[in-house]
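Read in order, the letters of the sequence shown are residues 528 to 564 in my numbering. The beta carbon of each residue, even a glycine, is placed where N, CA and C say it ideally should be.
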Amino acid sequence: MTFQCYHVETIRTVTPSARGCEECLKIGSPWLHLRVC
Numbered sequence: 528m529t530f531q532c533y534h535v536e537t538i539r540t541v542t543p544s545a546r547g548c549e550e551c552l553k554i555g556s557p558w559l560h561l562r563v564c
């Protein structure tokens with residue numbers, strides 16, 4: 528059986544409110560991709 532993520536139907540385009548994770552930017556660390564599903 529193949530698992531299907533039903534969250535894919537709720538994906539929408541967003542405009543970031545910052546250049547990245549503000550805490551990471553403060554310490555000069557790269558912003559990593561966050562994965563929810």
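Q) Any Cβ of chain C within less than 8 Å of the Cβ of R539? A) Of the protein chains in this structure there is only one, and it is not chain C.
Between which two residues does the alpha helix (DSSP H) harbouring E549 extend? From DSSP, the alpha helix (DSSP H) with E549 extends over 549 to 554.
Could you give the DSSP three-state label for V535: helix, strand or coil?
-> DSSP places V535 in helix when its eight states are reduced to three.
* Asked: Going by the beta-carbon positions, is the gap between C551 and P543 smaller than 8 Å?
  -> No, Cβ-Cβ distance for C551 and P543 is not below 8 Å.
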